[in-house]
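Structure first, then comments.
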Amino acid sequence: MPGLAFLEQPVIGTQVSNVLITSCIRLDKKFPPSVGSNTLDFQLIDTQSSLTTKIYLDRECLEEGLAIVNAPDTSRISDTAILYQLRQIRSKFTAPSAFSLCRASGPLTTSHTNQPYTMFTLADYDIGHSSGMKLFNSIAFSVLKHGSNAQLNKNFVQELATVANGKIKRILQDVISMFGLDSQITILSNERLGKNLNSLADLLMPSLINANSFVAKEIIHTFDHFC
């Protein structure tokens, strides 16, 4: 319009936040904590909900995060409980990005009992130590220790297969067939190994859900005590 050229043009759009949620709990309503890779308790059902929603960040955690961002040589959040800094994933277990140490917890949930389990740490929960859980655990340790040179040992997988049964045993046997005459195979970017790990993860998912239901109860107990 004439005479109004100086006015700024309106900008219509949406701001997107792509963040990794370790676990979360609502304080305004009684919902069980979300533990694991999905957060489902913060559905915005209408415009009013969107306009009145606020996100609060712990100042100390924010400062620590910014310090890490500004230090390119930093490779992990902490020097303790390193395996628990791996995020929960459902596939691509041999991709280098699967082993980024990027998960942390707020000041109220730093206890190990409040830490959600992943495929890589599930062996810590299961007393029987399933062969499949041990395989994921060993792979994580190997990659974090050796990086791109991480190897999977044939004898180790054979030992796991001898005490496994059913579908897990068949998956381990297929992994063993990958070695041929070699005693070791490369872990990272190993497509066939990755497919076997995807299948193994599907079989272990009920155990992971069960383990994290225990973590959810611990988180509720923590907030009942402090809040």
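The opening position of the sequence shown corresponds to residue 1 in the numbering used here, with each subsequent residue numbered one higher.
Glycine included, every Cβ here is placed at the ideal spot set by N, Cα and C.
Exercise. Do the CB positions of residue 222 and residue 116 come within less than 8 Å of each other?
Worked result: In the sequence shown, residue 222 corresponds to position 222, counting from 1. In the sequence shown, residue 116 corresponds to position 116, counting from 1. It is not a contact, given that the beta carbons lie outside the stated cut-off.
Problem set entry | Expected contact under 8 Å - CB spacing of residue 119 and residue 201 to nearest Å | The residue given as residue 119 occupies position 119 in the sequence shown. The residue given as residue 201 occupies position 201 in the sequence shown. With 8 Å as the limit, residue 119 and residue 201 qualify as a contact, their Cβ atoms being about 5 Å apart.
Exercise. In chain order, what residues of the same chain lie with their CB nearer than 7 Å to the CB of residue 98, ignoring the 5 residues before and after it?
Worked result: Within the sequence shown, numbered from 1, the residue matching residue 98 stands at position 98. Setting aside the 5 residues that flank it on each side, residue 98 is surrounded in the same chain by 89 and 92, each with a C-beta closer than 7 Å to its C-beta; the list follows chain order.
For this session: For my contact list, residue 44 and residue 77 are in at a C-beta cut-off of 8 Å; report their separation, rounded to the angstrom.
Result: Taking the sequence shown and counting its residues from 1, one reaches residue 44 at position 44. Taking the sequence shown and counting its residues from 1, one reaches residue 77 at position 77. Between the beta-carbon of residue 44 and that of residue 77 there is about 29 Å, and that puts the pair past the 8 Å contact cut.
Problem set entry | Cα-Cα separation between residue 197 and residue 146, rounded to whole angstroms | Here residue 197 refers to the residue found at position 197 of the sequence shown. Here residue 146 refers to the residue found at position 146 of the sequence shown. Rounded to whole angstroms, the separation of the alpha carbons of residue 146 and residue 197 is 19 Å.
Problem set entry | Whether residue 140 touches residue 83 by CB criterion (8 Å) | Translated into the one-based positions of the sequence shown, residue 140 becomes position 140. Translated into the one-based positions of the sequence shown, residue 83 becomes position 83. The beta carbons of residue 140 and residue 83 sit closer together than 8 Å.
Exercise. Going along the chain, which residues of its own chain have a beta-carbon closer than 7 Å to the beta-carbon of residue 148, five neighbours each way excluded?
Worked result: Taking the sequence shown and counting its residues from 1, the one referred to as residue 148 is at position 148. Setting aside the 5 residues that flank it on each side, residue 148 is surrounded in the same chain by 188, each with a C-beta closer than 7 Å to its C-beta; the list follows chain order.
For this session: For residue 5, count neighbouring Cβ atoms within 10 angstroms of its own Cβ and tell me buried if that reaches 16, exposed if not.
Result: Residue numbering aside, residue 5 sits at position 5 when the sequence shown is read from its first letter. Residue placement at residue 5 cannot be trusted, given a pLDDT of 46 that sits under 50; what the coordinates show is reported in the next sentence. Residue environment: residue 5 is assigned as exposed (fewer than 16 neighbouring CB atoms within 10 Å of its CB, all protein chains considered).
Problem set entry | Cβ-Cβ separation, residue 215 to residue 70 (assumed contact under 8 Å), whole Å | The residue given as residue 70 occupies position 70 in the sequence shown. The residue given as residue 215 occupies position 215 in the sequence shown. In fact, because the Cβ distance is near 32 Å, the residues do not count as touching under 8 Å.
Problem set entry | Nonlocal neighbours in the same chain, by C-beta distance under 6 Å from residue 105, ignoring five residues either side | For the purposes of this step, residue 105 is taken as the residue at position 105 of the sequence shown. Cβ contact annotation for residue 105 (same chain, cutoff 6 Å, sequence separation greater than five): 22, in chain order.
For this session: Ignore the nearest five residues each way along the sequence and tell me which others in residue 228's own chain have a CB closer than 8 Å to its CB.
Result: Nothing about residue 228 can be read from this structure; the chain reaches only from 1 to 227.
Exercise. Rounded to a whole number of angstroms, what is the C-alpha to C-alpha distance between residue 167 and residue 130?
Worked result: Counting from one through the sequence shown, the residue named residue 167 turns up at place 167. Counting from one through the sequence shown, the residue named residue 130 turns up at place 130. Approximately 12 Å between the Cα atoms of the pair.
Exercise. Taking DSSP as the reference, what is the three-state secondary structure of residue 78?
Worked result: Residue 78 sits at position 78 when you count from the first residue of the sequence shown. If DSSP states are grouped into helix, strand and coil, residue 78 belongs with coil.
Problem set entry | Where residue 155 falls, given that 16 or more other Cβ within 10 Å makes a residue buried | For the purposes of this step, residue 155 is identified with residue 155 of the sequence shown, where counting begins at 1. Burial state of residue 155 is exposed, judged by a 10 Å Cβ sphere holding fewer than 16 other Cβ atoms.
Problem set entry | Test item: CB-CB of residue 151 and residue 176 under 8 Å | Counting from 1 along the sequence shown, the entry for residue 151 is found at position 151. Counting from 1 along the sequence shown, the entry for residue 176 is found at position 176. Taking C-beta atoms as the reference points, residue 151 and residue 176 fail to come closer than 8 Å.
Problem set entry | Cβ-based neighbour list, residue 74, same chain, cut-off 7 Å, excluding 5 preceding and 5 following | The sequence position of residue 74 within the sequence shown is 74, counting from 1. Excluding residues within five positions, the ones whose Cβ falls inside 7 Å are 68.
Exercise. What are the complete alpha helix (DSSP H) segments, minimum 4 residues, inside the region 149-177?
Worked result: Taking only runs of at least 4 residues, the alpha helix (DSSP H) segments lying wholly in the region 149-177 are 154-163 and 166-177.
Exercise. In chain order, which continuous runs of the alpha helix (DSSP H) of length 4 or greater are located wholly inside the region 25-80?
Worked result: 47-52 and 59-69, all fully within the region 25-80.
For this session: Tell me where the beta strand (DSSP E) around residue 186 begins and ends.
Result: Position 186 of the sequence shown, counting from 1, holds the residue named residue 186. Run containing residue 186: 184-186, per the beta strand (DSSP E) assignment.
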